[in-house]
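Quick note on the working numbering: the sequence shown kicks off at 223 and runs consecutively.
Working notes, structure below.
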Amino acid sequence: VTSNTDANTLDDYEEGTYVPTMTGSTSGSLSAASVNTLSYTKVGRLVTVTGKITVTADNSLNGTIRWTLPFTAAAQSQKEFDVAGTVMIRSGGTEIPNNQIFNIGGGGTNGYIMFLEDTGNSENVGHAQSDASFDVWFGYTYCAA
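Now the structure itself:
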């Protein structure tokens with residue numbers, strides 16, 4: 223619509239797929255041979271991502287596993303755009319207890335997976351919690367810049 227200039231008019235719709243890059247916060251990366259693509263739908267600034275990734279190789283990963291987003295997250299001043307989305311890791315001997323979430327901070331280009339330890343503390347999933355081969359299911363929505 224080109225004649226409607228109302229500020230609330232939907233100005234963007236896009237859907238597609240992307241292959242996230244998986245890197246360690248310190249160094250290294252993970253690889254996914256064939257099941258490596260996530261889908262997204264972007265309506266205005268709201269982005270929803272779904273799908274499954276099968277990690278097949280650990281390339282000297284070190285630190286927290288970071289997953290790239292299809293769009294940069296919106297910047298914030300009061301944590302109003304922080305997101306905790308749905309994620310599940312399993313297979314390959316990976317044992318991550320309790321609740322897992324996909325966390326995206328405002329202004330970021332990456333997300334990461336957190337879990338709740340038995341002590342009640344949260345921890346980021348990294349090399350110590352993962353194997354060279356595992357599956358990850360994603361379902362999250364966030365606000366793009």
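Built from N, CA and C at the ideal position, the CB exists for glycine as well.
Fair warning: this is a prediction, and the values are worked out from it, not measured in the lab.
Bridge partners of residue i, per DSSP?
i      : result
VAL358 : ILE275 and ILE311
SER352 : Paired residues: none, contrary to the question.
For residue i, which of helix, strand or coil comes out of DSSP?
i      : result
ALA367 : coil
GLU345 : strand
ASN230 : coil
GLY329 : coil
Assign residue i to one of two classes, buried (16 or more other C-beta atoms within 10 Å of its C-beta) or exposed (fewer than that).
i      : result
LEU283 : buried
ASP234 : exposed
VAL265 : exposed
VAL241 : exposed
GLY206 : With the chain running from 223 to 367 in the structure shown, residue 206 is simply not present.
ASP280 : buried
LEU260 : buried
ALA254 : buried
With a cut-off of 8 Å on the beta carbons, I'd call residue i and residue j a contact; round off their distance for me.
i      : j      : result
ARG288 : THR245 : 5 Å
LEU291 : ASN332 : 7 Å
PHE293 : VAL269 : 6 Å
SER271 : TYR334 : At residue 271 the sequence reads Val, which differs from the Ser that was named. About 14 Å separates the two Cβ atoms, so there is no contact after all.
Hey, does residue i have any beta-carbon neighbour from chain C nearer than 8 Å?
i      : result
PHE360 : The structure shown contains no chain C, having only a single protein chain.
Only counting runs of 3 or more residues, tell me where the beta strand (DSSP E) segments fall wholly within the segment 232 to 317, in order along the chain. With a minimum length of 3 residues, the continuous beta strand (DSSP E) runs that stay inside the segment 232 to 317 are 235 to 240, 244 to 246, 249 to 253, 260 to 265, 268 to 277, 279 to 284, 287 to 290 and 305 to 312.
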